[in-house]
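See structure below.
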Amino acid sequence: MAKMNMLHAINSALDISMAEHPQACIFGEDVGYFGGVFRATSGLQEKYGKHRVFNTPLTEQGILGFANGLAAFGAPALAEIQFADYIFPAFDQIVNESAKFRYRSGNEFNVGNLTIRTPYGGGIAGGLYHSQSPEAYFAHTPGLKLVVPRNPYQAKGLLRACIKDDNPVIFFEPKRLYRASVGEVPEEDYSIEIGKAEVVKEGSDVTVLAWGAQMEIIEQAAQKAEEAGISCELIDLRSILPWDAETLIKSVTKTGRLVISHEAPITNGFGAEIAATIQKECFLHLESPIERVCGLDTPYPLALEKEYVPDALKVFEAIKKSVEF
Amino acid sequence: MTNPNNISLNISHALEFIDGHALNIPTLKILSEQGEILDGATAPELDKETALKIYSTMRFIRLLDERMQAAQRQGRISFYMQCLGEEAAITASAAALKQDDMIMAQYREQAALHYRGFTLEQFMNQLFSNEKDLGKGRQMPVHYGSNELHYLTISSPLGTQIPQATGYAYGQKLKHIDKASGELSSEIDNVTICYFGEGAASEGDFHAGLNMAAVHKAPVIFFARNNGYAISTPADEQFKGDGIASRGVGYGIKTIRVDGADTLAVYEATKKAREIAVTTGEPVLIESIAYRLGAHSTSDDPSGYRTKDEEAEFKNSCPVARFKTWLLKQGWLDENEDEAIKDKIREEILAALKVAEKVQKPALEELVSDVYDTPIPALQQQYEELKEHIKKYPDAYPVTAGRIK
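Those sequence lines, one after another, are chains A and D. Under this note's numbering, the first residue of the first sequence carries the number 2, and numbering increases by one thereafter. Under this note's numbering, the first residue of the second sequence carries the number 132, and numbering increases by one thereafter.
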């Protein structure tokens with residue numbers, strides 16, 4: 002074990018993947034010698050060569066078009082989109098191409114070798130275009146897998162699983178935690194199964210669900226709730242697609258209450274999908290309406306970011322509301 | 132270039148703009164409309180066997196197109212797209228490649244697929260979306276694809292295959308790169324050809340794909356089929372530059388324009404382009420000029436957007452007839468025999484059509500397979516619920532009801 006921050010953990014997962022397959026390539030804007038604007042790919046060009054770790058021109062649709070082709074050829078394509086806010090020029094290549102490659106060809110061709118890494122989320126004073134959480138757009142697309150880690154250990158294990166998975170995966174990295182989150186991470190290879198949520202803390206009064214950077218927020222809220230005598234069960238969803246309904250159903254069946262929190266705007270956020278499923282599956286076990294604590298339906302703000310975000314206080318209030326209903 | 136801006140340094144003291152049409156791009160033409168090698172042109176090294184394979188492919192595709200266009204009009208298939216007028220461009224370019232080079236086509240390149248060996252039965256199965264279709268009946272007619280024949284399954288969104296071709300070709304090149312020097316250590320064994328229309332070249336993916344191919348040195352042959360129309364929009368409402376070829380120079384890509392109705396010119400240009408790609412690892416752009424003699428698809432009628440006079444003018448420049456005349460002059464083809472074969476092909480097409488339209492549609496399972504490598508739990512559950520529903524109302528779902536396990 003070694004102490005690593007999330008960037009080191011991601012770098013380690015990439016390093017193992019590059020060593021594993023002689024044709025694996027890492028590419029994106031500034032990922033080459035510079036090692037990426039957040040330095041996630043530091044040192045990899047020196048180690049694996051310019052032909053396998055390289056800068057691309059500034060064209061997100063080109064990065065994903067190239068990635069789809071390289072993955073279809075059979076080489077692991079590890080594409081980076083510098084900020085999730087800039088993934089939209091590649092939307093067509095991801096939604097109409099990556100996601101449908103296998104289905105439309107009757108499995109004659111596939112891009113299972115594709116992994117897209119992209120930093121998402123707020124908390125870095127990034128304003129509208131360096132803060133968004135666009136997971137819900139992609140969650141509406143059959144054929145994709147979506148994964149979000151909450152800490153360095155999770156990041157390395159989940160990223161390795163994404164790269165080895167035989168489907169196109171988008172790996173959303175919580176950039177606020179890149180350096181802030183530090184923990185014990187094995188230097189050797191390991192994977193964490195995609196599609197499985199994790200109960201990170203057991204409790205009996207209310208289930209609180211989040212993923213990625215928002216986990217830290219609900220942990221703070223749960224701490225406050227415990228002080229007020231409320232026992233919270235905390236779940237990290239980890240995979241948005243496919244998502245682990247089973248673990249959540251089991252938890253809500255026990256607690257009878259659910260609070261969901263995500264940074265993205267509330268309307269049509271992924272929390273809506275979860276709430277719909279849980280009300281159907283846990284209808285007779287629910288003691289109170291499912292609460293959602295999310296971003297407001299505005300573009301991501303700058304000066305008023307603190308007011309906008311679903312912070313621990315807002316989650317705490319929702320927990321109380323749920324329990325006191 | 133050795134300066135930070137990556138430009139040629141040519142300092143001038145006279146204020147002068149370069150004209151937007153400063154390039155004077157020649158069009159390679161080898162074969163005259165009368166089937167003669169033109170003065171000054173070099174006759175290609177094209178053996179009899181290859182020449183006849185090119186011709187028989189064009190002949191077959193023309194007959195297939197004719198019959199399937201009619202089948203659509205009869206309501207037997209939902210949609211069709213003809214290759215009419217572009218048979219030479221597509222067939223001769225495919226013929227200049229190796230059998231296992233990758234083809235990434237747009238949708239009108241069925242001749243390239245047939246040249247590779249896609250059978251009449253395979254065409255029919257796709258057109259009728261039956262259970263024998265390699266694509267499992269999921270896409271509209273003419274969206275062919277075959278892994279075995281290295282022909283990427285067609286995707287309707289235009290131009291998406293262009294940057295994909297760059298990525299695929301980069302993959303083909305990877306094993307030939309020396310890690311230390313970053314240079315080619317051996318001749319590349321396989322390249323990718325990427326077909327697209329002059330309309331699709333307006334998509335952002337065109338820019339992304341060509342620029343990345345140039346920057347990353349991917350061995351792709353970009354084959355722009357400038358046929359004058361994107362559905363109803365004429366090329367002069369699509370761009371103001373000199374065709375698509377002028378753009379190749381902007382990306383720093385070796386470029387050639389050819390008469391796309393001239394089988395020999397297309398064959399020679401593509402053969403040379405392949406040679407450049409395998410030896411330098413760099414992309415090449417070929418712009419083929421051949422008039423789209425037919426409609427865009429069975430869903431439009433060209434009489435609504437172009438004149439009869441214009442169509443008549445180009446009818447005389449039929450690429451199949453031009454090449455056939457050359458073959459006759461070579462003594463490689465017999466007119467009577469050719470007509471007899473055409474009759475035979477027409478019969479075979481009709482017979483295959485009658486077989487394929489009776490083959491049943493794909494099983495219900497194919498609705499949910501291949502979304503992922505294995506169905507995810509939520510989809511598995513939806514599938515189980517759907518099966519129960521169909522079992523409850525079998526009359527409403529006659530295609531699958533009787534076959535649910």
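No residue lacks a Cβ here, since even glycine has one placed at the ideal position from N, Cα and C.
Taking a C-beta distance under 7 Å as the contact criterion, G272 of chain A and I261 of chain A qualify as a contact pair.
Shown here, I171 of chain A sits in a strand according to DSSP, grouped into three states. Here I285 of chain D has A236, Q237, Y238, Q270, V273, H274, Y275 and G276 as same chain residues with Cβ atoms under 8 Å from its own Cβ, once five neighbours each way along the sequence are excluded. Excluding sequence positions up to five before and after D196 of chain D, its CB lies within less than 7 Å of the CB of Q213, C214 and L215, all in the same chain and listed in chain order. The C-alpha of D373 of chain D lies about 22 Å from the C-alpha of I138 of chain D. Cβ contact annotation for Q369 of chain D (same chain, cutoff 7 Å, sequence separation greater than five): E329, G330, S333 and A361, in chain order.
Membership of H427 of chain D in any beta strand (DSSP E) is not indicated, and neither H nor E is assigned to it by DSSP. Under the rule that a run must span 4 or more residues, the alpha helix (DSSP H) segments found entirely inside the segment 41-117 of chain A read 45-49, 61-74 and 102-105.
With respect to the C-alpha of T119 of chain A, the residue from A:T57, A:F317 and A:S134 having the closest C-alpha is A:S134. With the rule of 3 Cβ pairs closer than 8 Å, the segment 311-319 of chain A counts as touching the segment 219-231 of chain A. Taken atom to atom, the span from the alpha-carbon of G391 of chain D to that of S448 of chain D is near 10 Å.
Chain-order list of chain D residues neighbouring N69 of chain A: Q295 and G298, by C-beta distance under 7 Å.
Assignment of beta-bridge partners to V294 of chain A by DSSP yields A:S262.
Residues of the segment 90-110 of chain A with a Cβ closer than 9 Å to any Cβ of chain D, in chain order: P90, D93, Q94, N97, E98, A100, K101, F102, R103, Y104, R105, S106, G107, N108, E109 and F110. Listed by position along chain D, the residues whose Cβ is nearer than 7 Å to that of D167 of chain A are D504. Sequence-distant partners of Y179 of chain A (beyond 5 residues in either direction) whose C-beta falls short of 6 Å from its own C-beta, in its chain, are M7, L8 and F39.
Per DSSP, M271 of chain D lies in no beta strand (DSSP E) segment and is marked neither H nor E.
Rounded to whole angstroms, the gap between the alpha carbons of E274 of chain A and K281 of chain A is 11 Å.
Residue contact with chain D for T60 of chain A: present (Cβ-Cβ distance below 7 Å to some residue of chain D).
Put simply, of A:T57, A:L79 and A:V294 the residue whose alpha carbon is nearest the alpha carbon of S18 of chain A is A:L79. Where I234 of chain D is concerned, the enclosing beta strand (DSSP E) starts and stops at M233 to M235.
Per DSSP, reduced to three states, the secondary structure at T188 of chain D is helical.
Secondary structure remark: continuous beta strand (DSSP E) runs of at least 3 residues inside the segment 138-219 of chain D: none found. G290 of chain D sits buried, since 16 or more C-beta atoms from the chains shown fall within 10 Å of its C-beta. The beta carbon of A76 of chain A is closer than 8 Å to those of H22, Q24, A25, C26 and N114 in its chain, skipping five residues each way along the sequence. When Cβ pairs closer than 8 Å are counted between the two stretches, the segment 182-201 of chain A is seen to touch the segment 241-260 of chain A, the count reaching three or more. Taking each of A:R105, A:V183 and A:H263 in turn and checking the Cα distance to E497 of chain D, the smallest one comes out for A:R105. Residues of the segment 266-286 of chain D whose Cβ lies closer than 7 Å to any Cβ of chain A, in chain order: G266, K267, R269, Q270, G276, S277, N278, L283, T284 and S286. The beta-carbon separation of K202 of chain A and E174 of chain A, rounded to 23 Å, does not stay under the 8 Å limit for a contact.
Going by beta carbons, E98 of chain A and G29 of chain A fall outside the 7 Å limit. The bridge partners DSSP lists for I221 of chain D come to none. Comparing alpha carbon positions, the residue from A:K4, A:P311 and A:H286 closest to D298 of chain A is A:P311. Just so you know, the alpha carbons of F326 of chain A and R258 of chain A end up roughly 10 Å apart.
Listed along the chain, the chain A residues whose CB falls inside 9 Å of the CB of G302 of chain D are Q24, C26, G70, L71, A72, A73, F74, G75, A76 and A78. Closest by C-alpha distance to V324 of chain A, out of A:G270, A:T256, A:E308 and A:A304, is A:T256.
Exposure of S434 of chain D is indicated by the presence of fewer than 16 other C-beta atoms within 10 angstroms of its C-beta.
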